[in-house]
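Written below as structure tokens is the structure these notes are about.
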Amino acid sequence: MFIGTAGSGKSSLTYSFGSWLEKEIEASVGYVNLDPGCMHTPFKPDFDIRSLFTVDDLMRKERLGPNGAIIKAAELMKEYSGIIALEISKIKSEFTLIDTPGQMEIFVFRDTGPVIAETLRRIGRILAAYIFDPILAKTASDLSVALSLAVATQIRLGIPCVSILNKSDLPEAEAVLTLLNYPEKFIDRITKERLGVSTDIALALANLAQRYSKHIGNVIPVSAKTGIGLDRLYDICREVFCVCGEL
Ligand SMILES: Nc1nc2c(ncn2[C@@H]2O[C@H](COP(=O)(O)OP(=O)(O)OP(=O)(O)O)[C@@H](O)[C@H]2O)c(=O)[nH]1
Ligand SMILES: [Mg+2]
163 MFIGTAGSGK SSLTYSFGSW LEKEIEASVG YVNLDPGCMH TPFKPDFDIR
213 SLFTVDDLMR KERLGPNGAI IKAAELMKEY SGIIALEISK IKSEFTLIDT
263 PGQMEIFVFR DTGPVIAETL RRIGRILAAY IFDPILAKTA SDLSVALSLA
313 VATQIRLGIP CVSILNKSDL PEAEAVLTLL NYPEKFIDRI TKERLGVSTD
363 IALALANLAQ RYSKHIGNVI PVSAKTGIGL DRLYDICREV FCVCGEL
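When we follow our numbering, the leftmost residue of the sequence shown carries the number 163, and every step to the right adds one.
Structure follows, in structure tokens:
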């Protein structure tokens, strides 16, 4: 299940990782769209939440604004979690990739995401891939905020979670990887950002993130655009699903 901030590449990764699995591993892959607000998916869904409701319909029928309709859609998704799990369980594939709503905070911080994760956990082995977007981590303190969001997601969803840095084909990704791989540089850079009273908080978040990465492993650089790192993502999935996996 791909989770990430708006525009981080959830839909693109669902498509490109699925194509990679089909081509390189010759695996059968199922695709699920759980974003009721999207107009288009780059993959052909085997189950699409839009067959039950769409944000557009809710805006029209219930005379809601865009945010009201997205919140209503999240409530409906929670209500329909049993049907969603049933439909997903009907997909007979070795891997099923799930694309989630763009408004991550509504999915993760309301009950919807945790309820869906728990329902899916009962029907099979599930892994969340938390996607970092290098565009949102241009400074060390921004990165500490992004990391804390990943920690919060892991705590909220309560299922195994791996972290991936998408768009690693972009030049911005290089700096993010350096900070992630060299904790002392990360700390040093935050200190030099002259955040005033917020320095201590950013440092605490960076420390928390380092403790967190001990639990979930390092952030894997990938690119939905070029296919970089998809083999490593596959290895990590196998490791998590293997009973003897260290994770
Ligand atoms: N350079 C680059 N761009 C990417 C990559 N992955 C996605 N994008 C671009 O990022 C934008 C958002 O991609 P989506 O796959 O729609 O992201 P999303 O998280 O599904 O977006 P929402 O569902 O709207 O939140 C698009 O313009 C993609 O082309 C990548 O690996 N590299
Ligand atoms: Mg999307």
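From the three backbone atoms N, C-alpha and C, an ideal C-beta is built for every residue, glycine too.
Option nearest residue i by Cα separation, candidates the options
i, options, result
"ALA279", "THR301, ALA302, ILE250, ALA368", "ILE250"
"LEU341", "LEU282, SER303, LYS206, ARG287", "SER303"
"LEU311", "GLU267, VAL381, ARG394, TYR193", "GLU267"
"ALA231", "LEU183, GLU256, LYS206, GLY199", "GLY199"
"PHE403", "ASP350, ARG351, PHE257, ASN195", "PHE257"
"ASP261", "VAL270, THR176, ALA314, TYR344", "THR176"
"TYR396", "SER170, ALA189, ARG212, LYS172", "ALA189"
"PRO207", "LEU305, SER170, LYS252, ILE321", "LYS252"
"LYS347", "LEU305, GLU241, VAL359, LYS223", "LEU305"
"ARG373", "ALA337, ALA335, VAL313, MET163", "VAL313"
Whole-angstrom C-beta distance between residue j and residue i, which should lie under 8 Å
i, j, result
"ALA291", "VAL324", "5 Å"
"ALA235", "PHE215", "6 Å"
"ILE293", "GLY166", "3 Å"
Cβ-based neighbour list, residue i, same chain, cut-off 6 Å, excluding 5 preceding and 5 following
i, result
"GLY407", "Unreliable placement is indicated for GLY407, whose pLDDT of 48 sits below 50; the coordinate value is still reported in the next sentence. For GLY407, where only same-chain residues beyond five positions count, the Cβ hits under 6 Å are GLU401."
"ALA168", "GLY264"
"ALA371", "LEU309"
"GLU184", "VAL191"
Helix, strand or coil at residue i according to DSSP, with G and I counted as helix
i, result
"PRO383", "strand"
"THR258", "strand"
"LEU332", "coil"
"SER178", "helix"
"GLY166", "strand"
"GLY407", "A caution first: GLY407 carries a pLDDT of 48, below 50, which makes its placement in the model unreliable, though a value can still be read off. In the structure shown, GLY407 sits in coil (DSSP, three-state: anything other than H, G, I, E or B)."
Residues of its chain near residue i, where Cβ-Cβ distance is below 8 Å and the 5 sequence neighbours each way are ignored
i, result
"GLU355", "THR301, ALA302, SER303, THR361, ALA364"
7 Å Cβ shell around residue i - same chain, five flanking residues per side excluded
i, result
"ASP331", "SER385, LYS387, THR388, ILE390"
"GLY275", "PHE269, ARG318, LEU319"
"PHE271", "ARG318"
Going residue by residue through the region 260–307, where are the continuous alpha helix (DSSP H) segments of at least 4 residues, counting only ones entirely within it?
Qualifying alpha helix (DSSP H) stretches, in chain order: 266–271, 274–285.
Starting from the N-terminal side, write out each stretch of the beta strand (DSSP E) that is 3 residues or longer and does not extend beyond the region 192–241.
none
Give the list of continuous alpha helix (DSSP H) stretches no shorter than 4 residues that lie fully inside the region 310–375.
Qualifying alpha helix (DSSP H) stretches, in chain order: 333–343, 345–354.
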